[in-house]
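In my numbering, the protein residues as written are 11 to 202. Note that beta-carbon positions come from the ideal geometry of N, C-alpha and C, so glycine has one too. This report concerns only the one structure given below.
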Amino acid sequence: MYNSKETYALVFSGIGIIINIVFGTIVSMIKIPLLFLDTIGTIFIAAAFGPFYGAITGGLTNILKGILTNPKDIPFALVNVIVGLIVGYIVKRYKFNYKTALITGLILSVAAPLIGTPIAVWIYGGLTGGGTDLIFAWLLQSGHRIFSAAFWPRVYGNFIDKIASCFFVAFLLRRLPSNLLNKFGEKDYEKE
């Protein structure tokens, strides 16, 4: 059967995938240290439609990016799926206001590196061509083991990136027209 809410969620999930790829690619090309912005679409979809659509958006982002640019990006889909699940489940329980965005960003800044670091070490030896590679190399040279040398710069980078991404999504959700938000579901996004 035709379900308009499901169709609406799937269309927006596609837009979320595009946002993830575009923002992530631009930041990667500019090489902004400690910033990725490759999960904004996932966070938005998870906050608006829940964990299932957030996870789908996150996973398909990395699969599509892997097909289009670098197949080594595909295993990082697990990180993006977890981001969608965490945000989606938090939003099921709490309003996604700035306080919740801050707490969610803090949770994501540790959860994403816990999952992403073993993948980065396995695939790239810890280096990923991002802004955290300089810190990784310095920590490795100063005697840290490869996992901790790869993990701590990712936490710092994700600390900035995930909090900024969550704040941006909270800001956006508060400013979208009410009739558009009503199609997302029953969540109240505390209009200013």
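Applying the criterion that 16 or more other CB atoms from any shown protein chain within 10 Å of the CB defines a buried residue, is Tyr63 buried or exposed? Mapped onto the sequence shown, residue 63 falls at position 53. Label assigned to Tyr63: buried.
I'd like to check one pair, Gly98 with Ala58: are the Cβ atoms closer than 7 Å? Here the question's residue 58 lines up with position 48 in the sequence shown. Here the question's residue 98 lines up with position 88 in the sequence shown. Against a cut-off of 7 Å, the Cβ pair of Gly98 and Ala58 comes out as no contact.
Could you check if Leu149 is buried or exposed, using at least 16 other CB atoms within 10 Å of its CB as the buried criterion? Working through the sequence shown from its first residue, we reach residue 149 at position 139. Flag for Leu149 reads buried.
Distance between Gly135 and Val93 (C-alpha atoms, nearest Å): Taking the sequence shown and counting its residues from 1, the one referred to as residue 93 is at position 83. Taking the sequence shown and counting its residues from 1, the one referred to as residue 135 is at position 125. Roughly 23 Å separates the two Cα atoms.
For Arg185, the three-state DSSP class (helix, strand or coil): Mapped onto the sequence shown, residue 185 falls at position 175. Helix.
Quick check: the Cα distance between Lys105 and Leu183, rounded to an integer number of angstroms? Along the sequence shown, read from residue 1 onward, the residue named residue 105 stands at position 95. Along the sequence shown, read from residue 1 onward, the residue named residue 183 stands at position 173. Lys105 and Leu183: Cα-Cα distance of roughly 11 Å.
Which term fits Leu118, buried or exposed, when burial requires 16 or more other beta carbons within 10 angstroms of its beta carbon? Start at 1 with the first residue of the sequence shown, and residue 118 comes out as number 108. Its Cβ being crowded by 16 or more others within 10 Å, Leu118 is buried.
Judging by CA-CA distance, which residue of Val21, Ile42, Leu47 and Leu20 is the nearest neighbour of Asn30? Looking up residue 30 in the sequence shown gives position 20. Taking only the C-alpha atoms, the option nearest Asn30 is Leu47.
Since Phe161 and Thr127 should fall inside the 8 Å C-beta cutoff, what is the C-beta to C-beta distance between them, to a whole number of angstroms? Position 151 of the sequence shown, counting from 1, holds the residue named residue 161. Position 117 of the sequence shown, counting from 1, holds the residue named residue 127. Yes, they are in contact, since the Cβ atoms of Phe161 and Thr127 sit about 4 Å apart, within 8 Å.
How many angstroms separate the CA atom of Ile156 from the CA atom of Ala130? Along the sequence shown, one-based indexing puts residue 156 at 146. Along the sequence shown, one-based indexing puts residue 130 at 120. For Ile156 and Ala130, the distance between alpha carbons rounds to 10 Å.
With a Cβ-Cβ cutoff of 7 Å, do Gly26 and Thr67 count as a contact? The residue labelled residue 26 in the question sits at position 16 within the sequence shown. The residue labelled residue 67 in the question sits at position 57 within the sequence shown. For Gly26 and Thr67, yes; Cβs fall inside 7 Å.
Are the CB atoms of Ala180 and Tyr108 within a distance shorter than 7 Å? In the sequence shown, residue 108 corresponds to position 98, counting from 1. In the sequence shown, residue 180 corresponds to position 170, counting from 1. Taking 7 Å as the Cβ cut-off, Tyr108 and Ala180 qualify as a contacting pair.
Taking only the alpha-carbon atoms, compute the straight-line gap between Ala147 and Val165 and give it to the nearest angstrom. As a position in the sequence shown, residue 147 is number 137, starting the count at 1. As a position in the sequence shown, residue 165 is number 155, starting the count at 1. Those two C-alpha atoms are separated by around 15 Å.
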